[in-house]
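Novice:
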Amino acid sequence: MNTVVLEAQGITKRYRETLALDQVDLKLEKGRIYGFIGKNGAGKTTFLRMITGLSFPTEGSLTLWGKGGEKGLQEQRKRIGSLIETPALYPYMTAYQNMEVQRLQRGIPDKSVIEKTLKMVGLADTGKKKVRNFSLGMRQRLGIAIALINTPEFLVLDEPINGLDPAGMVEIRNLIKELNKEYGMTILISSHLLEELHNTATDFIFIDSGRIIEELTYEELNEKCKQHIEIKVKDMEKAVMVMEEKLHTDNFKTLPDGTIQLFDHLDDIESVAVAFSEAQVLVVGLAVTGDTLEEYFISKVGGGSHD
Amino acid sequence: MINLLKAEFYKLLHSRYFPGLCLAQLIYSTTMLRDSLPKTSNLFYATLWYLPFSYLIVVVFMVLYFANDYEERTLFLYITAGNKRSSVFLAKTITFVVACLFIMILPIVLQLMIGGWILKETVDPALIRQYIGILLMGQAATGMVGVCLANLFKKTGNLITAGMITFIAIVIALNGKAAQLLSAVIPIGHAFRIASETITETSGYYMGISAGWIVVMGILALIAFYRADLK
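Protein chains in written order, with the numbering used here: chain A, 3 to 309; chain B, 2 to 232.
1) Hey, is R17 (chain B)'s beta-carbon within less than 8 Å of any beta-carbon in chain A?
2) Taking 8 Å as the threshold (beta carbon to beta carbon), is R228 (chain B) in contact with chain A?
3) Based on Cα-Cα distance, which residue from B:A8, B:R194 and B:I58 lies nearest to I28 (chain B)?
4) Check whether chain B comes within 8 Å of S84 (chain A), counting only Cβ atoms and requiring the distance to be less than that.
5) Taking A82 (chain B) and Q107 (chain A) to be in contact with their CB atoms under 8 Å, please state how far apart those CB atoms are, rounded to whole angstroms.
6) Give the residues of chain B in contact with T54 (chain A), contact being defined as C-beta atoms less than 9 Å apart.
7) Sort A:K80, A:K234, A:E87 and A:I86 by Cα distance to K85 (chain B) and report the nearest one.
8) For E87 (chain A), which residues in the same chain have their Cβ closer than 6 Å to its Cβ, ignoring the five residues on either side in sequence?
9) Residues of chain B with CB closer than 9 Å to the CB of A22 (chain A), please, in chain order.
10) Taking only three categories from DSSP, how would you classify E31 (chain A)?
11) With 16 other CB atoms within 10 Å as the buried threshold, where does M2 (chain B) fall?
12) With DSSP as the reference, identify every bridge partner of S63 (chain A), one or two as the case may be.
13) Following a CB-centred definition, is N201 (chain A) positioned closer than 7 Å to any heavy atom of the ligand ATP?
14) Fully enclosed by the segment 52-77 of chain B, which beta strand (DSSP E) runs are 3 residues long or longer?
15) Can you tell which of B:E198, B:Q140 and B:A179 has the C-alpha that lies nearest to the C-alpha of L128 (chain B)?
16) Output yes if chain A places a C-beta closer than 8 Å to the C-beta of K40 (chain B); else output no.
17) What does K12 (chain B) touch in chain A if you count any residue whose Cβ is under 7 Å from its own?
18) Count the other CB atoms, across all protein chains shown, that sit within 10 Å of the CB of Q229 (chain A); report buried if there are 16 or more and exposed otherwise.
19) Just list the beta strand (DSSP E) runs in the segment 196-284 of chain A, keeping only unbroken ones of 3 residues or longer that don't cross its boundaries, in chain order.
20) Near D309 (chain A), which residues of its chain fall below 7 Å by C-beta distance, leaving aside the five closest residues on each side in sequence?
21) Can you tell me whether Q188 (chain A) is helix, strand or coil according to DSSP?
22) Taking 8 Å as the threshold, find out whether the segment 139-155 of chain A comes into contact with the segment 122-131 of chain A through three or more Cβ pairs.
23) Given V242 (chain A), which residues of its chain have a CB within under 7 Å of its CB, disregarding the five upstream and five downstream residues?
24) Can you list, in chain order, the residues of its chain whose CB lies under 7 Å from that of E9 (chain B), leaving out five sequence neighbours each side?
25) Counting only Cβ pairs nearer than 7 Å, list the residues of chain B close to L106 (chain A).
26) So, helix, strand or coil for S84 (chain A), using DSSP?
27) Report back the beta-carbon spacing between L23 (chain A) and F49 (chain A) to the nearest angstrom; my notes put them in contact at under 8 Å.
28) Note down the Cα distance separating T5 (chain A) from W67 (chain A), rounded to an integer number of angstroms.
29) Between the alpha carbons of M114 (chain B) and I151 (chain A), how many angstroms are there, rounded?
30) On a Cα-Cα basis, can you pick out the residue from B:F19, B:S88 and B:F90 that is closest to L65 (chain B)?
31) By a C-beta neighbour count over all protein chains shown, 10 Å radius and 16 as the cutoff for buried, is I195 (chain B) buried or exposed?
32) Roughly how many angstroms lie between the CA atoms of F208 (chain A) and V158 (chain A), to the nearest whole one?
33) Of the residues that make up the segment 45-75 of chain A, which ones have a beta carbon closer than 7 Å to any beta carbon in chain B?
34) Please give me, in chain order, every unbroken run of the alpha helix (DSSP H) with length at least 4 that falls completely inside the segment 108-185 of chain A.
35) Grab me the residues of M187 (chain A)'s own chain with a C-beta within less than 6 Å of its C-beta, minus the 5 sequence neighbours each way, in chain order.
36) Answer with yes or no whether the minimum CB distance from I148 (chain A) to chain B is below 8 Å.
Below, the structure is given as C-alpha cells:
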C-alpha cells in the first residue's frame, strides 16, 4: 500500500529574477500532520499553490499518491481539500449556499454532508446570514468547511487559524487532530502561530529562502528544543524512586536545588502529577519548559520579520 | 463539466443581480418600446429597435458575474478541486451566454404577448422563424464580447471602464453615417437591421458574422483565462 501522499523532487520555481523555490525535495507520509514553517517570502505558499494546481514548477516533479503529470495530478487533486491564504467565498450567499456550490461542483451526491461539515466547524446555526456579514473568524471557519466538504485524504491549510479567537483556535486545533485520528487524514499546515502549530503537528518542515532546511518529527523537535518537564520536589530521594518505579523512566536529570528535569512523558504531564501524588511526594512546581518552537525557529533561520 | 454547470447556474439563480437585471431590462425595453412603435411598421420590429442599446445591461451583468469571481478568488476552488481550466472556462461561458440570451430575449417575448394583446396585433410566426437564428446568434456573440472583456480586464473598475467604452462605441457606430454598414458587422446591430427592415443579405451571412465574433472572442477570452493568476 502506498503510504507516500506527496513526493516533490527538485522542485524549483522562478519568477523572473526571483527564486521562490530552490530544489525542494519533500516526501509526505499518510496520516501525519505536517507543520510547514518559514519566514514571509520563504516559499511556503508557493509550494502549497503548486500542490493544489494553482501554480506550476519551473523545474522538478511532483507526484500525488504516486501519480504525476498534468492529468495524473489533476485526477488526484480531487482527493485534496485546501484553504490557501484567505478563504474564497461568495459574499452574497449564506454559508449553506456557499457549501452547496462546492458540493455541486465536486459532484457529491449526499446533501447532508453540508450540515455535517458546517456543524464540525461550528457554523451550523448561521441560517440566512450572508457571508458578507460574517466576522473574519466565521469566514475562516467556512473556508475550512469548504476544504473539508469532500472528506479529503490530504488537507492543505495555509494559515487556517488567522482571525480566530483563542477558543476558536482550540476548536480548530482539536478538529484537525480529530480529522487526523478519525479519518487518517494527512494534513499540511502552514501557520505563523508557531506555538499553536507545536500543539497540533506531528512533523515539522522548516523552509528558508525557497529551500527545505530541516525536517523533524515532534519527538526530534522536542529533543532539539530540549523540552522537558521541570519538577520541583521536597524529597528528592523518594521522587527519584517514583520516576524509576512508577513512571518507568531513567530519562531525567536531578539538580542540586531539588529540581528534576524529565525528558519524556511530555504529552502526558497529568500522569506524572498523579504518580507523585499517589506516592505522597510533595511537588512544589510542575511545568513543561525548554526552548519554544519559536525560539528554535529563530535560532535556525535568524531573527527579523518572520511568520 | 456538468457539475460545474450545475454549480454556476446555482450561483446565478441564488444571486440578487440576475432577477434584478431581468427586471431592469424589462422596464428599460418597455419604456423604449413606446418610442420605437411609431418608428417601425409592426410590434415585432418595434421590440427589436432598441435592443442594441441593451448592451448596457450586458456590461452590468458581466461586471457582477465575472469580477466577483476574480476579486473573491472563488475560481481557484474549481481548480483545486481537480477541474481543468478549459472546463471551468466553458462552464462559466455557457452560463453567462445563456443568461445573456434570457435577459435579452425574455422582455421581447413578454412584449410580443402583452403588446399583442393590448394593441390587438398578431405577429406573423413566419417573421419570427425568419429572424430567430440571426437574433440568437447576434445576442450570443454580444455575450461573448462580455466574456472576452471580463477575462481580459478582470477587476470591477477595469471592467466597468472597458464595458462603458465599448457601449459608447456601439452607440456612436449605430448612430453615425456608417450605421447601416456597421450594423451588419456588429452582431448586436443585426437586431437594428431587422427592426429597420434593411436586412439585405441572407440569414447565413449574419449568422456567419456572429459565429466569427463568437470564435474570435472565445479564443481571446480562453487565452486570457489560461494566463490568469487565479490566486
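Glycine included, C-beta positions come from ideal geometry on N, C-alpha and C.
Source: prediction; values computed, not measured.
Specialist: Quick answer:
1) In the second sequence, the residue the question calls residue 17 (chain B) occupies position 16. Closer than 8 Å to some Cβ of chain A, the Cβ of R17 (chain B) qualifies, so yes.
2) The residue given as residue 228 (chain B) occupies position 227 in the second sequence. Chain A, which has no Cβ nearer than 8 Å to the Cβ of R228 (chain B), makes this no.
3) Mapped onto the second sequence, residue 28 (chain B) falls at position 27. Nearest C-alpha to I28 (chain B): B:I58.
4) The residue given as residue 84 (chain A) occupies position 82 in the first sequence. It does; some Cβ of chain B falls within 8 Å.
5) On the second sequence, residue 82 (chain B) is found 81 positions in, with the first residue counted as 1. On the first sequence, residue 107 (chain A) is found 105 positions in, with the first residue counted as 1. Right, their Cβ atoms sit about 6 Å apart.
6) Position 52 of the first sequence, counted from the start, is the residue given in the question as residue 54 (chain A). The answer, in chain order, is F77, I80 and T81.
7) Against the second sequence, residue 85 (chain B) aligns to sequence position 84. Checked all of A:K80, A:K234, A:E87 and A:I86; the closest Cα to K85 (chain B) is A:K80.
8) Residue numbering aside, residue 87 (chain A) sits at position 85 when the first sequence is read from its first letter. Hits under 6 Å: D160.
9) For this step, residue 22 (chain A) is matched to residue 20 along the first sequence. Chain B residues near A22 (chain A): none, gap ~13 Å exceeds 9 Å.
10) Position 29 of the first sequence, counted from the start, is the residue given in the question as residue 31 (chain A). Looking at E31 (chain A) - three-state DSSP - the assignment turns out to be strand.
11) For the purposes of this step, residue 2 (chain B) is taken as the residue at position 1 of the second sequence. With fewer than 16 other Cβ atoms within 10 Å, it is exposed.
12) Translated into positions along the first sequence, residue 63 (chain A) becomes position 61. Partner(s): A:Q11.
13) Questions concerning the ligand ATP fall outside what the structure shown contains, since it holds no ligand whatsoever.
14) none
15) Translated into positions along the second sequence, residue 128 (chain B) becomes position 127. For the residues B:E198, B:Q140 and B:A179, the minimum Cα distance to L128 (chain B) belongs to B:E198.
16) Translated into positions along the second sequence, residue 40 (chain B) becomes position 39. Answer no: the Cβ-Cβ gap between K40 (chain B) and chain A never drops below 8 Å.
17) Taking the second sequence and counting its residues from 1, one reaches residue 12 (chain B) at position 11. Within 7 Å Cβ-Cβ: Y92 and V103.
18) Counting from 1 along the first sequence, the entry for residue 229 (chain A) is found at position 227. Buried, since its Cβ has 16 or more Cβ neighbours within 10 Å.
19) 205-210, 213-219, 230-235, 254-256 and 261-264
20) Against the first sequence, residue 309 (chain A) aligns to sequence position 307. The predicted model places D309 (chain A) with a pLDDT of 39, which falls under 50 and marks its position as unreliable, so this point remains unresolved.
21) On the first sequence, position 186 is the one that residue 188 (chain A) refers to. What sits at residue 188 (chain A) in the sequence shown is Thr, not Gln. Reduced to three states, the DSSP call for T188 (chain A) is strand.
22) yes
23) As a first step, residue 242 (chain A) must be located in the first sequence, where it is residue number 240. Within the same chain, V242 (chain A) has close Cβ partners T256.
24) Taking the first residue of the second sequence as position 1, residue 9 (chain B) is located at position 8. Around E9 (chain B): A92, K93 and T96.
25) Residue numbering aside, residue 106 (chain A) sits at position 104 when the first sequence is read from its first letter. Residues of chain B passing the Cβ test: N4, K7, A8 and Y11.
26) Within the first sequence, numbered from 1, the residue matching residue 84 (chain A) stands at position 82. Note: S84 (chain A) maps to strand in three-state DSSP.
27) Translated into positions along the first sequence, residue 23 (chain A) becomes position 21. Translated into positions along the first sequence, residue 49 (chain A) becomes position 47. Yes, they are in contact, since the Cβ atoms of L23 (chain A) and F49 (chain A) sit about 6 Å apart, within 8 Å.
28) Within the first sequence, residue 5 (chain A) is the residue found at index 3, counting from 1. Within the first sequence, residue 67 (chain A) is the residue found at index 65, counting from 1. Their Cα atoms are separated by approximately 8 Å.
29) Position 113 of the second sequence, counted from the start, is the residue given in the question as residue 114 (chain B). Position 149 of the first sequence, counted from the start, is the residue given in the question as residue 151 (chain A). The alpha-carbon atoms of M114 (chain B) and I151 (chain A) are separated by roughly 46 Å.
30) For this step, residue 65 (chain B) is matched to residue 64 along the second sequence. Per the Cα distances, B:F19.
31) As a first step, residue 195 (chain B) is located in the second sequence; it is residue number 194 there, counting from the start. Classification of I195 (chain B): buried, given that the 10 Å Cβ count is 16 or more.
32) Reading the first sequence from its first residue, position 206 is the one you call residue 208 (chain A). Reading the first sequence from its first residue, position 156 is the one you call residue 158 (chain A). The straight-line gap from Cα to Cα measures roughly 16 Å.
33) T54, G55 and L56
34) 114-122, 138-150 and 168-185
35) Taking the first residue of the first sequence as 1, we reach residue 187 (chain A) at position 185. Excluding sequence neighbours, M187 (chain A) sits near L157 and L181.
36) Here residue 148 (chain A) refers to the residue found at position 146 of the first sequence. It does; some Cβ of chain B falls within 8 Å.
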